[in-house]
Amino acid sequence: MRGLCRISVILLVLFWGIYCMSGNAEVVEEDKKALLDFAAKLPHFHNLNWSETTSVCKNWTGVTCNAESTRVVGVRLPAVGFNGKIPSDTLGRLSALEILSLRENRIRGDFPEDFTKLRNLSMLFLQFNDFSGELHVDFSAWKNLTVVNLSNNRFSGGIPKSLSKMSWLMSLNLANNSLSGEIPDLGLPNLAELDLSNNNLSGSVPKSLQRFPSSAFVGNNVAVGVAQSDLSPLPKSKGKSRIWWRDSWFWGIVIGCGVLVLVVLAFVFLYIACCSKRKDDDDGFNGKFPKGSMSPEKAMSRDQGSRNRLVFFEGCNYAFDLEDLLRASAEVLGKGTFGMSYKAILEDANVVVVKRLKEVSAGKREFEQQMEVIGSIRHDNVVALRAYYYSKDEKLMVNDHCIQGSVSSMLHGRKGEDRIPLDWETRLKITLGAARGTAHIHSINGGKFVHGNIRSSNVFLNSENYGCVSDFGLATVMSPLAPPISRAAGYRAPEVTDTRKSTQASDVYSLGVFILELLTGKSPVHTTGGDELVHLVRWVHSVVREEWTAEVFDLELLRFPHVEEEMVEMLQIALSCVARVPDQRPKMPHLLKMIEDVRPSLCETHPESSSAPAPPQ
């Protein structure tokens, strides 16, 4: 009898567990349907990888679930390109939602009434959209909200008094709207950040909000500071007391000015010291993005008319915006011809490469047009540009991160017993991929596009170990190339040194130097045992002229059998690329065909052979 009871209890527990699991599955499926309805009814520029056949809690762009994967608790979809009004009965069904971010889209219409159903909401980000109308919403419906950002929209009417009932609110940003009327006395003891700037507000700042800086209220017709009724009249003084007051006032100014001079001098010395350090650290980045110093609101308020923002290209599934990018931890990858590159790790664990461009000479329109061309290029052997940002003071480019690093780091990086050398087949595939990518780039814009910066630090490996080129098309928007110095000099064709202008022929020269670098294992400009500076092209010519061809090749390559013939053939191809006269160099389609013929089997295993360039785009 006892055994029967135990079995009954176990079955009851199992039944209850199965019931709960099925119930949870049904709940998360409802969240999934709500999101699919939202995406289907609101047009958007960038594709979302949301599908009925995949789990909403696994790899859906911008979607976060709880630890049990039973509910959707976070939706972050900034800069996805949403255009229109938020459809009713969609996001409002996500009753467990805690974080909602729809920043930097083109969403219009009134504040969605459905959002009041999101009783668990703790953070709401709707800035940089086209919302309008009065804020009739009852904010007291949200008991857990800590952050509200509705800035840079077109909201009108007064500031809702119901905000005062949000006792947990810590950050409120309503800047750059068309709000009017007086500022209500909100109270809000936990409020730590407030921005009401650039509206049509009037009157005086309530006493409970006077703890915030004047910048929180600038751009309004409001009296900032202590209300006049709270000021006590100065006591009248007579006789010696008045004279003493004037003498104290005089000496106070003298002492104050002296202290001020000392402070100014200290800041001058500190500034000089910082500037000298910035030159070493490339403008003071020190491997980190300047957190707080350039939030999207501050960066974009410099030019509100143009609504500067991080611009994404079609097909990009990243769900982050400029603010997320600037908050990311950053690791310096290196300084290139056109600026410093950083590896940025975002909060959602995605990793991107950010290039901070220096000395851009092109105007905003020309820069954006060039970015649109670069961002439209998609090829297996070209590192894709995913997004860019333009403002007066900052120009950024966002690319995919290649986990294996650059060819330069593989060739010239870590040395020692644990070093894994690049075998000949890998170097051959790198060469073939770099040539395919360059040939495709040359086919763009009616066959007139130029890479302009081919070097080993700008060539990476794709998943099949074929080379992929990056950092292309920037020469036209940058200041004229600086005098050839350091490692970049060895890649430049002779005519580029004189004209400071890159061409497709100079790309072929640079690619030839890159092939020589792979064959020899030496940098384009390097030193010998002494301090003598050696240019790779001249050195190779001198060795080949003395018929010491075997001395050219990297010792690491000589360990591999039956590859000497291919290496000699590739050497001849490279030497044809570095001909001094541009017209004597092969065109990219012919050069690619020669490289493919070195080992045709590589083309057979890699279906995309680019002997014929892709049609112009």
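Here the sequence shown stands for residues -25 to -1, 1 to 592, where the numbers follow mature numbering (1 follows the signal peptide of the UniProt record, and there is no 0).
Every residue gets a Cβ at the ideal spot worked out from N, C-alpha and C, and that includes glycine.
Owing to the predicted nature of the structure, the values given are computational and were not obtained by experimental measurement.
Local conformation of residue i per DSSP, three classes
i: G350; result: helix
i: S126; result: coil
i: I61; result: coil
i: W(-10); result: With a pLDDT of 40 at W(-10), under the threshold of 50, the modelled position of that residue is not reliable, and the figure given next carries that caveat. Correct three-state label for W(-10): helix.
i: L360; result: strand
i: T39; result: strand
i: D375; result: strand
i: N175; result: strand
i: E168; result: strand
i: R81; result: strand
i: E27; result: coil
i: A15; result: helix
i: V50; result: strand
i: V500; result: strand
i: L449; result: coil
i: E109; result: strand
i: S190; result: helix
i: V556; result: coil
i: C578; result: helix
i: L508; result: strand
i: K370; result: strand
i: F287; result: strand
Residue i burial status per 10 Å Cβ neighbour count (16 or more: buried)
i: K367; result: exposed
i: residue 608; result: Residue 608 lies beyond the residue range present for the chain, which begins at -25 and ends at 592; the question has no answer from this structure.
i: I570; result: buried
i: S576; result: exposed
i: L508; result: exposed
i: D299; result: buried
i: A324; result: exposed
i: G487; result: buried
i: Q479; result: buried
i: E492; result: buried
Span of the alpha helix (DSSP H) around residue i
i: K568; result: 563 to 573
i: H417; result: 399 to 417
i: V519; result: 511 to 520
i: E439; result: Per DSSP, E439 belongs to no alpha helix (DSSP H) and is neither H nor E.
i: L491; result: 479 to 495
i: A549; result: 539 to 552
i: M315; result: Not the alpha helix (DSSP H): M315 falls in the beta strand (DSSP E), residues 314 to 320.
i: M98; result: Unbroken run through M98 is the beta strand (DSSP E), 98 to 100; no alpha helix (DSSP H).
i: E470; result: 469 to 474
i: S384; result: 382 to 387
Own chain partners of residue i with C-beta closer than 6 Å, once the 5 adjacent residues on each side are dropped
i: W117; result: L96
i: K333; result: G314
i: A433; result: Ala is not the amino acid found at residue 433; the sequence shown has Asn there. Same-chain partners within the cutoff: S445, D446.
i: W35; result: W25
i: C32; result: C40, S44
i: Q102; result: R78, N124, S126, N127
i: N58; result: P18, R81
i: N152; result: N128, F130, N174
Own chain, CB closer than 7 Å to residue i, minus 5 neighbours either side, in chain order
i: A191; result: L169, D170, L171, S172
i: K497; result: L511
i: H21; result: V55, G56, F287, E289, C291
i: K16; result: P62, T65
i: E470; result: S481, P557
Extent of the continuous beta strand (DSSP E) run through residue i
i: L75; result: 74 to 76
i: E306; result: 304 to 310
i: S146; result: 146 to 148
i: V326; result: 326 to 332
i: V197; result: 196 to 198
i: S153; result: 153 to 157
Contacting residues, own chain, Cβ-Cβ under 8 Å from residue i (five flanking each side not counted)
i: D572; result: none
i: D375; result: V327, V328, V358, A359, R361
i: D113; result: T91, P135, S137
Answer yes if the stretch 27 to 35 comes into contact with the stretch 85 to 95, meaning at least three C-beta pairs across the two stretches below 8 Å, and no otherwise. no
Is the stretch 61 to 75 touching the stretch 36 to 49 in the sense that three or more CB pairs, one from each, lie closer than 8 Å? yes
Contact between the stretch 168 to 182 and the stretch 151 to 160 is defined here as three or more beta-carbon pairs at a separation below 8 Å; is this criterion met? yes
If contact is defined by three or more beta carbon pairs under 8 Å, each pair taking one atom from either stretch, is the stretch 361 to 376 in contact with the stretch 417 to 433? no
Cβ contact check for the stretch 531 to 548 and the stretch 393 to 409: 3 or more pairs under 8 Å: yes
Give a yes or no on contact between the stretch 440 to 447 and the stretch 354 to 364, applying the rule of three or more CB pairs nearer than 8 Å. yes
Contact between the stretch 119 to 126 and the stretch 142 to 153 is defined here as three or more beta-carbon pairs at a separation below 8 Å; is this criterion met? yes
For the stretch 54 to 68 against the stretch 1 to 21, are there 3 or more C-beta pairs whose distance is under 8 Å? yes
Three CB pairs or more closer than 8 Å across the stretch 427 to 442 and the stretch 396 to 415: yes
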